Structure formats: structure tokens, C-alpha cells
Amino acid sequence: MKLELLHCHPPEGPASGRPSLLFVHGSYCGAWVWAEHFMPFFARRGWSSHAVSLRGHGESEGGFNYASLADYVTDIHSAMAHVGGEVILVGHSLGGLLVQHCLAGDERVRAAVLMASVPPSGLMSSALHLSLFSPDVCLQFGLLQALGPSAVKGEVIRRAFFASSTPDDAVAHLLPRLQRESHRICVELLNPVRPSLPLGEWRPDILVLGGDRDVLVPAAALMETATYFDADLSVLTGAPHGLMLDDCWWQATAERTLSWLDSKGL
1 MKLELLHCHP
11 PEGPASGRPS
21 LLFVHGSYCG
31 AWVWAEHFMP
41 FFARRGWSSH
51 AVSLRGHGES
61 EGGFNYASLA
71 DYVTDIHSAM
81 AHVGGEVILV
91 GHSLGGLLVQ
101 HCLAGDERVR
111 AAVLMASVPP
121 SGLMSSALHL
131 SLFSPDVCLQ
141 FGLLQALGPS
151 AVKGEVIRRA
161 FFASSTPDDA
171 VAHLLPRLQR
181 ESHRICVELL
191 NPVRPSLPLG
201 EWRPDILVLG
211 GDRDVLVPAA
221 ALMETATYFD
231 ADLSVLTGAP
241 HGLMLDDCWW
251 QATAERTLSW
261 LDSKGL
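In our numbering, the protein residues as written are 1 to 266.
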């Protein structure tokens, strides 16, 4: 099965002497979410960047309707093997949970950034929070899953991903690119298998990063993830869920990630 793997290298060529960045997208999208801003940003700062589309997403082959968390983790391992050498995994939302399952016992993973990540316990509490405080968003995601992006109200989905200050024209071309997600994953995410803790000498550095205006992954979920992994935690005041795409927030998020990598000597 062929997986789409995007690449972006520094102007002087592939970086040597440091790990590569491997970006993992969340539900309803593909590797393209990283190519908009993040991959060029990190390439300009000397990092070789790669982004994988999970099976059935983006331009990757394979069906996704009955894909499991374990299937998607297998896709990440395949991408890691293709990239070669040590990697720093950066996962957003569902991708953050998938990255969590790649951290134990794999010496190729030097560090990880869990961005607006689904917590180890899954989305049960977040789904309850969403249904209580943003029921219209909950309904529109149900329509997106059942009927695809043409059936949803763009302004509601926009509010789920972006800050209110983000201009409409900055996101108008992004929302039609959303897609359906695995039906099995939607159920599995409510109560997933907990990721194994990385222990001993192979424990990578971990940053949990998110925003306090995220309607999909609230700050309590970020704190749960940071506590579970004894990780560094950074909460951006006013930031939404779509950190890597939002016109008003992607650069602040990228700079925070870069600063953390520098602080770890990576």
C-alpha cells in the first residue's frame, strides 16, 4: 500500500546531523495541512520535514472506513522507515494520540510534540464537553462523517478549527478539502487502548501543546496528556484547534515548537 509522504528540505538541501521532523495529521484531513505553513517554516530554519497521509487520506492508497488506531500506527511506522534515521514526531489531534502509541521502545523517536492532541483516555469527556457547550459543532461533525464536507455548514466547522479573528478568505479554500473519517476510529476514540509509557533510557522528550480556546480538545485534556507522560505543557492563550492552519496562530505555534526543540538541544 502506497502512502503519500510530502517532503520539504532546507534551501541548502536535506539537513544532516539532526533528526527529521515527521508530521502526522488528525481526523478528516491529510498531510496537506502541514504543507500550508509548517513544513516551509521549519525547512527555512534548517529542518528536513516530512508529512504522511494515513491510509485512505489525502493521496494515500487503502480504504479507511474500517481502519483502526493500530492500522494508523502501522502507517506511521512505515513512514518512519521511509524517512530513515531518527525522527521527531509531531501529531495533531487524532495524530497526537497515534504518536503517543509510537513513543515506547522505539529508539528512532528522539522527541515528540503532541499538538491539540486527543488524550490517552480518548474523547469521551471531550465529546460530552462539546455536546454541552457547542452542540451545533457536534451536529456538523456528525454530518461531515455521514455525508461528507458538502453537507456541513462552513461557518460552524470554521469555528471548530479557527479563531474568530481569522479572516474568512484565509480558510475558505481549506474547508472543502476535509473528508470523512474511519467509522471504526470514531467509535474507538471514545475509549481507546491506553498508550504504553516510554521508560528507561529510550524515553523521548515530549511537549504537549494546545490552545485554551479549543472547542474540540479542552485544556483539561491537554493537562491529562502532560500528566500521563510527565511531559512539558504549553497552553497558548486564545488559540483554537487548528493550530497549524490558522492564519493568526500558526506562526506562534511553530515558533513555540521551535523554541522547545532548541531548549532540548535538538
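C-beta: ideal position from N, C-alpha, C; glycine also. Just so it is clear, the structure is predicted and the values come from calculations on it, not from any experiment.
Report yes if the C-beta distance between residue i and residue j is below 8 angstroms; otherwise report no.
| i | j | result |
| --- | --- | --- |
| Ile76 | Val24 | yes |
| Val208 | Leu199 | no |
| Val52 | Leu3 | yes |
| Ser196 | Ala104 | yes |
| Glu107 | Trp202 | yes |
| Gly242 | Phe141 | no |
| Ser27 | Ser78 | no |
| Pro149 | Leu178 | yes |
Cα separation between residue i and residue j?
| i | j | result |
| --- | --- | --- |
| Val171 | Pro240 | 13 angstroms |
| Met39 | Gly13 | 14 angstroms |
| Val193 | Asp246 | 31 angstroms |
| Ser234 | Gly91 | 15 angstroms |
| Tyr72 | Val99 | 10 angstroms |
| Ala163 | Glu155 | 12 angstroms |
| His173 | Ala31 | 16 angstroms |
| Cys29 | Trp250 | 17 angstroms |
| Ser68 | Arg18 | 32 angstroms |
| Ala252 | Asp262 | 15 angstroms |
| Asp169 | Leu175 | 11 angstroms |
| Ala254 | Phe41 | 8 angstroms |
| Val83 | Arg45 | 19 angstroms |
| Met1 | Gly58 | 14 angstroms |
| Gly236 | Ile185 | Reading off the sequence shown, one finds Leu at residue 236, where the question assumed Gly. Spanning the two alpha carbons is a distance of roughly 28 angstroms. |
| Gly210 | Leu22 | 18 angstroms |
| Glu224 | Ala70 | 22 angstroms |
| Val215 | Leu97 | 17 angstroms |
Could you name the residues of the same chain whose beta carbon sits closer than 7 angstroms to that of residue i, not counting the 5 residues immediately before and after it, in chain order?
| i | result |
| --- | --- |
| Asn191 | Gly122 and Met124 |
| Tyr228 | Pro120 |
| Asn65 | Ser182 and His183 |
| Val109 | Val87, Leu89, Cys102, Leu103 and Pro204 |
| Lys264 | Ala111 and Asp205 |
| Leu266 | Arg18, Pro19, Ile88, Arg110 and Ala111 |
CB-CB under 6 angstroms to residue i, same chain, minus the five flanking residues each way: which ones, in chain order?
| i | result |
| --- | --- |
| Thr257 | Val113 |
| Gly63 | Gly56 |
| Thr166 | Asp246, Asp247 and Cys248 |
| Leu6 | Ala31, Ala35 and Ala51 |
| Gly238 | Arg213 |
| Leu54 | Tyr72 and Asp75 |
Considering only residues of the same chain and omitting the five flanking positions on each side of residue i, which have a CB-CB separation below 8 angstroms?
| i | result |
| --- | --- |
| Ala43 | Cys8, His9, Pro10, Pro11 and Ser49 |
| Asp232 | Asp205, Ile206, Leu207, Val208, Ala226 and Trp260 |
| Gly85 | Pro19, Ser20 and Arg108 |
Would you call residue i buried or exposed, if buried means 16 or more other Cβ atoms sit within 10 Å of its Cβ?
| i | result |
| --- | --- |
| Asp212 | exposed |
| Val187 | exposed |
| Met115 | buried |
| His37 | buried |
| Ser117 | buried |
| Met80 | buried |
| Arg158 | buried |
| Ser20 | buried |
| Ser60 | buried |
| Ser16 | exposed |
| Met244 | buried |
| Asp230 | exposed |
| Gly95 | buried |
Determine, for residue i, whether the minimum Cβ-Cβ distance to residues of chain C falls below 8 angstroms.
| i | result |
| --- | --- |
| Val52 | Reference to chain C is not applicable here, since this structure consists of a single protein chain. |
To test your reading of the DSSP string, which unbroken beta strand (DSSP E) runs of 3 or more residues are found completely within the region 183-239?
As far as the region 183-239 is concerned, its whole beta strand (DSSP E) runs of at least 3 residues are 205-211 and 232-236.
Please give the ranges of any alpha helix (DSSP H) in the region 66-104, keeping only runs that are unbroken, at least 4 residues long and fully inside the region.
Qualifying alpha helix (DSSP H) stretches, in chain order: 69-83 and 94-100.
Beta strand (DSSP E) segments (min. 3 residues) lying fully within the region 8-46:
Along the region 8-46, the beta strand (DSSP E) occurs as fully enclosed runs of 3 or more residues at 20-24, listed in sequence order.
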